[in-house]
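First residue of the sequence shown? That's 36 in our numbering, and the numbers climb one at a time after it.
Below is one structure; the comments refer to it alone.
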Amino acid sequence: MLRLLRIDLRKLANYRPFWVLTLLYGFLIISIPITVIEFLKWLKTKGADFDGFDPMRIPILYFPDIWQNITYVYTLPIMKIFLAIIVIISISNEYSYKTVRQNIIDGFSRWEFLVSKLSTVVLLAIAGSAVVFITGLLTGMIYTPEIEMKYVLDGMEFVFAYFLDMLLYLVLAFFLTTFLKRSALTVFILLIWRPIEFIIIANIPDEVSWIGDLLPMQAAANLIDVPFPRYWFQEIADYIPYTALVIVLGYISLFVFLLYRNLRKSDL
């Protein structure tokens, strides 16, 4: 597997858009906490207060809140699309330049080709999660007034939820690219996928509203509940729902199965 991963990474390393998109993703991840704290500082300098409460004391970037807060923001499609485009370009180039066929001729099995691409997808999801983890850890260390290890660790499971969310998104990008073989169309579909799910959910009768939770991106969204209502004393789910976890893993498995089935039967 490592040999297959190295082969695929060698292709990406020589492709300039890979580095551009990776740097853009990293820049966005790092810039979000900075933007939040600068906004709170701006509110304070403008004399804004919440019934006499200093906005700088809102614990958005404090442990343990920071883990759910940042992972929720980072799972928005506009954040994930950069890594998805890397996957889309990688797959579409294989078909556009017929390198997938050449790989098979040179001795790659279809399963090995799939494993090489899936390994890259998993690595991207792990790398993205590592950047999120490091950003959250450093930000929390800087801004939390009193640091206790139990609060640092509390909520860290949301980084794992972010990993699963990102992995599903990238596998979906892989799946769509393989079937559509058009990178621009795949990016467009990924961007409108979530709004389409919102429309579907809005039109599901209340008696069967649970059906909406079975949609792939909604299931991924359910992994990390919207955390910000807690700051005006509303109840939130500060845990990863088991049902959402099972559904997301099910979709990842389904897309991988369909990818292999399509690759095995297609005329490359």
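Ideal placement from N, C-alpha and C gives every residue a C-beta, glycine not left out.
Determine contact between the region 206-218 and the region 171-186, defined as no fewer than three beta-carbon pairs at a distance below 8 Å.
No, the region 206-218 is not in contact with the region 171-186.
Write down the C-beta distance between L158 and D200 rounded to the nearest angstrom, noting that I regard them as a contact closer than 8 Å.
Going by Cβ atoms, the distance from L158 to D200 rounds to 16 Å, so no, they are not a contact pair.
In chain order, what residues of the same chain lie with their CB nearer than 7 Å to the CB of F209, ignoring the 5 residues before and after it?
V122, I126, K152, V156, L294
Check whether L40 and S154 have beta carbons under 8 Å apart
yes
With burial defined as no fewer than 16 other Cβ atoms inside 10 Å of the residue's Cβ, what is the status of E181: buried or exposed?
Label assigned to E181: exposed.
Straight-line CA distance for M91 to Y266?
13 Å
With distance defined between alpha-carbon atoms, name the residue in M191, I236, W102 nearest to D248.
I236
Burial state of M252 (16 or more Cβ within 10 Å)
buried
Distance between beta carbons of P99 and G171, contact taken as under 8 Å
The pair is not a contact, with the Cβ atoms about 10 Å apart (cut-off 8 Å).
Is it buried or exposed, D43, if we count other Cβ atoms within 10 angstroms and call 16 or more buried?
By the neighbour-count criterion, in which a residue is buried when 16 or more other Cβ atoms sit within 10 angstroms of its Cβ, D43 is buried.
Under 7 Å: does the beta carbon of S288 sit that close to some heavy atom of the ligand GDP?
Of ligands this structure carries none, so the ligand GDP is not represented either.
Mark Y132 as exposed unless 16 or more other C-beta atoms lie within 10 angstroms of its C-beta, in which case mark it buried.
exposed
Any alpha helix (DSSP H) of 4 or more consecutive residues that is wholly inside the region 49-108:
51-80
For N104 and V230, the rounded distance between their alpha carbons
Going by the sequence as given, residue 230 is Pro instead of Val. Those two C-alpha atoms are separated by around 22 Å.
Identify the continuous alpha helix (DSSP H) that holds E183 and give its terminal residues.
Note, E183: premise wrong, no alpha helix (DSSP H); not H, not E.
So what does DSSP say about S288, is it helix, strand or coil?
helix
Just mark K76 as buried or exposed, buried being the case when its beta carbon has 16 or more other beta carbons within 10 Å.
exposed
Along the chain, where does the alpha helix (DSSP H) that runs through W228 open and close?
Counting along the chain, the alpha helix (DSSP H) containing W228 begins and ends at 218-237.
Report the CB separation of A196 from T106 in whole angstroms; it is logged as a contact under 8 Å.
6 Å
Grab the span of the alpha helix (DSSP H) containing E147 for me, first residue to last.
145-178
Nearest to F117 by CA position, among F292, T134, A160, is which residue?
With distances taken between CA atoms, F117 lies nearest to A160 out of F292, T134, A160.
Beta-carbon spacing of F148, L298 below 8 Å:
The answer is yes: Cβ separation under 8 Å.
Would DSSP call K300 helix, strand or coil?
Annotated three-state conformation of K300 is helix, per DSSP.
Among T221, V194, E192, whose alpha-carbon lies nearest the alpha-carbon of L205?
T221
Where does T110 land, buried or exposed, given buried means 16+ other C-beta within 10 angstroms?
Buried, by the Cβ-count rule.
Can you check whether the CB of V194 is closer than 8 Å to the CB of G61?
Going by C-beta atoms, G61 is not nearer than 8 Å to V194.
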